[in-house]
Amino acid sequence: MVNVDIHRATKTDGSAGAKNKTWAKVFSVEGTFRQLSGSKRFIDSVKKKEIVAKFYCDYRTDFTDKDRLVYDSVTYDITNVKDPNEEHDHLEVELAKVN
Numbered sequence: 000m001v002n003v004d005i006h007r008a009t010k011t012d013g014s015a016g017a018k019n020k021t022w023a024k025v026f027s028v029e030g031t032f033r034q035l036s037g038s039k040r041f042i043d044s045v046k047k048k049e050i051v052a053k054f055y056c057d058y059r060t061d062f063t064d065k066d067r068l069v070y071d072s073v074t075y076d077i078t079n080v081k082d083p084n085e086e087h088d089h090l091e092v093e094l095a096k097v098n
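Position 41 of the sequence shown, counted from 1, bears residue number 40 in numbering that gives the first Met the number 0, the numbering being contiguous throughout.
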């Protein structure tokens, strides 16, 4: 088991009316982190990002695919949060590395 941080974006007004997005840690969660090997990686057809890892944790409702996950100083976009068979037992979180 590992601890990861979940980050959430906030938007603030910048110069000339532009919106700035800032990411900040909102909580930590314990689970299992798995890098996907080359043959197990796939492209999220909606978000057009390569899924490079998955994170598994107990079921919870406080993070979504709009958040980011930080593990071992590497930041990942959360592209999908699955509740397998809708059993509310655990979550399977698909991750794409932030460039």
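Note that CB positions come from ideal geometry on N, CA and C, so glycine has one too.
Rounded straight-line distance, which links the Cα of residue j to that of residue i
i	j	result
phenylalanine 62	glycine 16	29 Å
histidine 87	aspartate 4	21 Å
threonine 74	asparagine 98	9 Å
Identity of the residue in the options nearest residue i by Cα
i	options	result
aspartate 71	Gly13, Ser27, Asp12	Ser27
arginine 33	Asn98, Met0, Val97	Met0
lysine 65	Gly13, Ser14, Lys20	Lys20
Whole-number beta carbon distance between residue j and residue i, since they are thought to touch under 8 Å
i	j	result
glutamate 93	asparagine 84	Actually they are not in contact, since the Cβ atoms of glutamate 93 and asparagine 84 sit about 17 Å apart, beyond 8 Å.
lysine 96	valine 25	With a Cβ gap of about 20 Å, lysine 96 and valine 25 do not count as contacting.
Cβ-Cβ distance between residue i and residue j below 8 Å
i	j	result
histidine 6	aspartate 57	no
leucine 68	lysine 53	no
glutamate 91	tyrosine 55	yes
Which residues DSSP lists as bridging residue i, in chain order
i	result
valine 80	Val92
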